[in-house]
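Chains as they are written, first to last, in our numbering: chain A, 93 to 321; chain B, 93 to 321.
Below you'll find the structure, written out as structure tokens, and then a few comments.
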DNA sequence: CTAAGTTGATAGTATTACTATTATATTTGC
DNA sequence: GCAAATATAATAGTAATACTATCAACTTAG
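Right under this line is the structure:
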């Protein structure tokens with residue numbers, strides 16, 4: 093399975109780049125180092141000039157891959173959500189029981205990842221940090237509707253709707269499957285953030301995790317028991 | 093009550109401004125117009141220079157009130173959360189039944205506001221729009237821990253912890269009161285945003301609202317019925 | 001009436017977010 | 001092995017941002 097995953101090439105919406113960064117050394121270096129630098133500096137302080145200096149390349153060369161840093165962020169987050177969906181599909185495809193399936197889905201969407209592929213270009217752990225802190229900035233802007241039309245959020249939406257199907261499978265009568273799943277996906281990021289910076293606002297920490305919270309939440313919402321055999 | 097509320101002066105943490113904007117004409121104009129402009133342009137496109145031009149004043153004069161636009165955003169959002177807490181306290185203080193109390197709290201925290209005070213400086217409706225789109229940006233940055241220590245998020249935390257108390261009053265045995273409330277407060281903003289820009293990811297829209305979702309959520313989590321008499 | 005405080009106007013700096021141009025490598029196709 | 005195409009590097013330049021500093025003008029309080 094590990095090998096299977098490492099062989100998967102994750103495709104990201106073409107509008108997000110000018111030139112596919114996964115087809116050249118420089119492109120892959122842009123991905124690798126931008127993740128490290130955005131994690132380190134935060135998105136606002138991160139610039140293409142600084143990135144160029146880090147990778148011993150030139151600002152203008154980076155602009156040939158990405159129109160601007162916002163598009164790069166969209167690329168990285170789309171990559172993240174697509175990767176999560178792959179994981180979800182692989183991890184659940186051979187589970188028969190739909191409750192067990194949903195349980196697995198919750199785990200995958202709420203847990204912090206380890207580096208789950210052998211991909212050496214993209215550091216999954218740092219990428220997850222970026223998604224926690226920066227993803228909401230990618231859609232909280234005035235061009236969100238245009239960008240949504242361009243399909244830049246397709247990976248995120250697809251992932252949510254896939255889990256919505258699982259929820260419906262478990263409880264057809266539940267009124268808010270979309271709210272519940274979209275709440276969980278954004279909420280899990282938020283709870284991880286609170287656990288790090290606003291400890292007084294969450295029970296999540298060393299003994300309890302967002303996964304525990306959302307499993308409990310889902311089981312009561314859908315009137316199911318994840319501990320049943 | 094309306095008069096009582098309009099007489100309330102909302103105090104915001106002193107570190108957020110260099111000079112209290114509520115003590116001069118220019119200061120109040122900064123508040124009034126910045127809300128309109130941030131709502132219109134989005135926070136990134138909003139600048140003190142443009143604001144100065146709008147209110148017929150000078151960039152440098154605005155800098156005498158706020159160190160930078162980030163501090164202004166923190167001021168505005170702190171003002172918003174403080175105002176919400178006032179509303180919550182006034183609306184629940186004469187309710188005996190703790191379930192009814194919690195129900196009221198959910199309504200206040202998840203509904204879109206009308207202009208609930210006579211305050212002519214601050215447009216509550218626009219301010220709420222700003223909170224929906226921009227609040228998460230205010231804490232998603234590298235100085236969040238310092239700013240948290242300075243008390244810049246005190247209003248937000250106080251509000252959450254007040255509702256956490258209500259949850260505990262209703263169900264002492266529930267494991268995740270803080271998660272539940274912090275999830276709701278961020279989640280309600282998120283659901284309103286989805287309803288506007290990602291309709292496929294939420295049931296919230298014309299017939300169902302975030303309030304409906306979270307009332308349903310809380311009632312199942314805490315095993316209570318908001319429709320009981 | 002004077003002193004203190006408030007505002008306005010102007011100027012200046014470093015940085016950002018690009019675009020354009022040209023030179024130099026490197027790859028590839030034949 | 002060479003020409004052509006492509007990729008990268010280097011440099012320069014622009015408009016805008018996010019400030020800081022200075023000084024003059026006006027307002028207000030004692």
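Ideal Cβ positions, reconstructed from N, Cα and C, are used throughout, including at glycine.
Once DSSP output is grouped into helix, strand and coil, what is the label at residue 317 of chain A?
The count along the first chain starts at 1 and reaches residue 317 of chain A at position 225. Assigned with DSSP and collapsed to three states, residue 317 of chain A falls in coil, not helix or strand.
Please report the Cβ distance between residue 191 of chain B and residue 157 of chain B, rounded to the nearest whole angstrom; I am assuming they are in contact, meaning their Cβ atoms lie under 8 Å.
The residue labelled residue 191 of chain B in the question sits at position 99 within the second chain. The residue labelled residue 157 of chain B in the question sits at position 65 within the second chain. Not a contact, Cβ separation roughly 44 Å.
Which residues in chain B have a C-beta closer than 7 Å to the C-beta of residue 233 of chain A? List them in chain order.
Position 141 of the first chain, counting from 1, holds the residue named residue 233 of chain A. Those within 7 Å of residue 233 of chain A in chain B are 134 and 136.
Is residue 111 of chain B buried or exposed, if buried means 16 or more other CB atoms sit within 10 Å of its CB?
Within the second chain, the letter at position 19 stands for residue 111 of chain B. Exposed, by the Cβ-count rule.
By the 8 Å beta-carbon criterion, what residues does the stretch 219-247 of chain B contribute toward chain A?
225, 226, 228, 229, 231, 232, 233, 234, 236, 237, 240 and 245
Out of A:160, A:232, A:228 and A:259, state which residue places its alpha-carbon closest to the alpha-carbon of residue 195 of chain A.
Indexing the first chain from 1 puts residue 195 of chain A at position 103. Answer by Cα proximity: A:259.
Those runs of the alpha helix (DSSP H) which lie wholly inside the stretch 203-288 of chain B and span at least 4 residues
216-231, 236-241 and 246-262
Residue 311 of chain A burial status per 10 Å Cβ neighbour count (16 or more: buried)
Position 219 of the first chain holds residue 311 of chain A. The residue is buried, with at least 16 neighbouring Cβ atoms inside 10 Å.
Along the stretch 309-320 of chain B, what residues have a CB closer than 7 Å to any CB found in chain A?
309, 312 and 313
So, is the C-beta of residue 267 of chain A closer than 8 Å to a C-beta in chain B?
The sequence position of residue 267 of chain A within the first chain is 175, counting from 1. Residue 267 of chain A has a beta carbon lying within less than 8 Å of a beta carbon in chain B.
Counting only Cβ-Cβ distances shorter than 7 Å, please list the residues of the stretch 117-131 of chain B near chain A, keeping chain order.
Correct list: empty, as no residue qualifies.
Presumed contact (8 Å Cβ cut-off) between residue 182 of chain A and residue 161 of chain A, rounded CB distance:
Counting from one through the first chain, the residue named residue 182 of chain A turns up at place 90. Counting from one through the first chain, the residue named residue 161 of chain A turns up at place 69. The Cβ separation is near 32 Å, so there is no contact.
For residue 276 of chain A, count neighbouring C-beta atoms within 10 Å of its own C-beta (all shown protein chains included) and say buried if the count is 16 or more, exposed if not.
As a first step, residue 276 of chain A must be located in the first chain, where it is residue number 184. Buried.
Of the residues A:178, A:218 and A:132, the one placed nearest residue 206 of chain A, counting alpha carbons only:
Sequence index remark: in the first chain, residue 206 of chain A carries index 114 (1-based). Looking at the Cα atoms, A:218 is the closest of the given residues.
Residue 271 of chain A: which of B:228, B:293, B:254 and B:227 sits nearest, CA to CA?
In the first chain, the residue the question calls residue 271 of chain A occupies position 179. Nearest option by C-alpha distance: B:293.
Opening and closing residue of the alpha helix (DSSP H) in which residue 119 of chain A lies:
Locating residue 119 of chain A in the first chain gives position 27, counting from the first residue. Run containing residue 119 of chain A: 117-133, per the alpha helix (DSSP H) assignment.
So for residue 182 of chain A, helix, strand or coil by DSSP?
Taking the first chain and counting its residues from 1, one reaches residue 182 of chain A at position 90. Residue state, collapsed to three classes: helix.
As an exercise, report each continuous alpha helix (DSSP H) stretch of at least 4 residues that is fully enclosed by the stretch 135-182 of chain B, in chain order.
140-146 and 151-155
Starting from the beta carbon of residue 295 of chain B, find every residue of chain A whose beta carbon is closer than 8 Å, and list them in chain order.
Working through the second chain from its first residue, we reach residue 295 of chain B at position 203. By Cβ distance, chain A contributes 267, 268, 269, 270 and 271.
Give the C-beta separation of residue 273 of chain A and residue 289 of chain B to the nearest angstrom, bearing in mind that I take them to be a contact with Cβ-Cβ under 8 Å.
Counting from 1 along the first chain, the entry for residue 273 of chain A is found at position 181. Counting from 1 along the second chain, the entry for residue 289 of chain B is found at position 197. Contact doesn't hold; Cβ gap of about 17 Å is too wide.
Between residue 313 of chain B and residue 133 of chain B, what straight-line distance do the alpha-carbon atoms span, to the nearest angstrom?
The residue given as residue 313 of chain B occupies position 221 in the second chain. The residue given as residue 133 of chain B occupies position 41 in the second chain. C-alpha separation (whole angstroms): 39 Å.
Hey, residue 224 of chain A and residue 168 of chain A are a contact pair by Cβ (cut 8 Å); roughly how many whole angstroms apart?
By 1-based counting over the first chain, the position of residue 224 of chain A is 132. By 1-based counting over the first chain, the position of residue 168 of chain A is 76. Your pair residue 224 of chain A and residue 168 of chain A does not check out as a contact, with CB atoms roughly 13 Å apart and the cut at 8 Å.
Please decide whether residue 274 of chain B counts as near chain A, where near means a Cβ-Cβ distance under 8 Å.
In the second chain, counting from the first residue as 1, residue 274 of chain B sits at position 182. With 8 Å as the cut-off, residue 274 of chain B counts as an interface residue toward chain A.
Please report how far the alpha carbon of residue 138 of chain B lies from the alpha carbon of residue 233 of chain A, in whole angstroms.
Locating residue 138 of chain B in the second chain gives position 46, counting from the first residue. Locating residue 233 of chain A in the first chain gives position 141, counting from the first residue. Rounded to whole angstroms, residue 138 of chain B to residue 233 of chain A spans 12 Å at the Cα level.
To the nearest whole angstrom, what separates the beta carbons of residue 105 of chain A and residue 197 of chain A, a pair I think is in contact under 8 Å?
In the first chain, the residue the question calls residue 105 of chain A occupies position 13. In the first chain, the residue the question calls residue 197 of chain A occupies position 105. Taking the Cβ atoms as the reference, residue 105 of chain A lies roughly 23 Å from residue 197 of chain A, outside the contact range of under 8 Å.
Residue 284 of chain B, buried or exposed, once every other Cβ within 10 Å from all chains shown has been counted against 16
Here residue 284 of chain B is taken as the residue at index 192 of the second chain, counted from 1. Label assigned to residue 284 of chain B: buried.
Rounded to the nearest angstrom, what separates residue 211 of chain B and residue 174 of chain B at their Cα positions?
Stepping through the second chain from its first residue, residue 211 of chain B is reached at position 119. Stepping through the second chain from its first residue, residue 174 of chain B is reached at position 82. Rounded to the nearest angstrom, the gap between the Cα atoms of residue 211 of chain B and residue 174 of chain B is 14 Å.
Does residue 107 of chain B come out as helix, strand or coil in the three-state DSSP assignment?
In the second chain, the residue the question calls residue 107 of chain B occupies position 15. If DSSP states are grouped into helix, strand and coil, residue 107 of chain B belongs with the helices.
Pick from B:243, B:240, B:202 and B:153 that is closest to residue 117 of chain B, judged by C-alpha positions:
If you number the second chain from 1, residue 117 of chain B lands on position 25. It is B:153.
Whole-angstrom distance between residue 200 of chain B and residue 302 of chain B, CA atom to CA atom
Numbered from 1 along the second chain, position 210 holds the residue referred to as residue 302 of chain B. Numbered from 1 along the second chain, position 108 holds the residue referred to as residue 200 of chain B. Each residue's alpha carbon lies about 11 Å from the other.
Which residues in chain A have a C-beta closer than 7 Å to the C-beta of residue 286 of chain B? List them in chain order.
Within the second chain, numbered from 1, the residue matching residue 286 of chain B stands at position 194. Near residue 286 of chain B (Cβ distances below 7 Å), the residues of chain A are 274.
Proximal residues of chain B, C-beta to C-beta of residue 252 of chain A below 8 Å
By one-based count along the first chain, residue 252 of chain A stands at place 160. Residues of chain B passing the Cβ test: 293.
Have a look at residue 316 of chain B and residue 247 of chain B and give me their C-alpha separation to the nearest angstrom.
On the second chain, residue 316 of chain B is found 224 positions in, with the first residue counted as 1. On the second chain, residue 247 of chain B is found 155 positions in, with the first residue counted as 1. Roughly 28 Å between the two C-alpha positions.
Any beta carbon of chain A sitting closer than 8 Å to that of residue 278 of chain B?
Within the second chain, numbered from 1, the residue matching residue 278 of chain B stands at position 186. Interface residue, yes.
Measure the CB-CB distance between residue 166 of chain B and residue 126 of chain B and report whether it falls below 8 Å.
Here the question's residue 166 of chain B lines up with position 74 in the second chain. Here the question's residue 126 of chain B lines up with position 34 in the second chain. For the pair residue 166 of chain B and residue 126 of chain B, the CB atoms are not nearer than the 8 Å cut-off.
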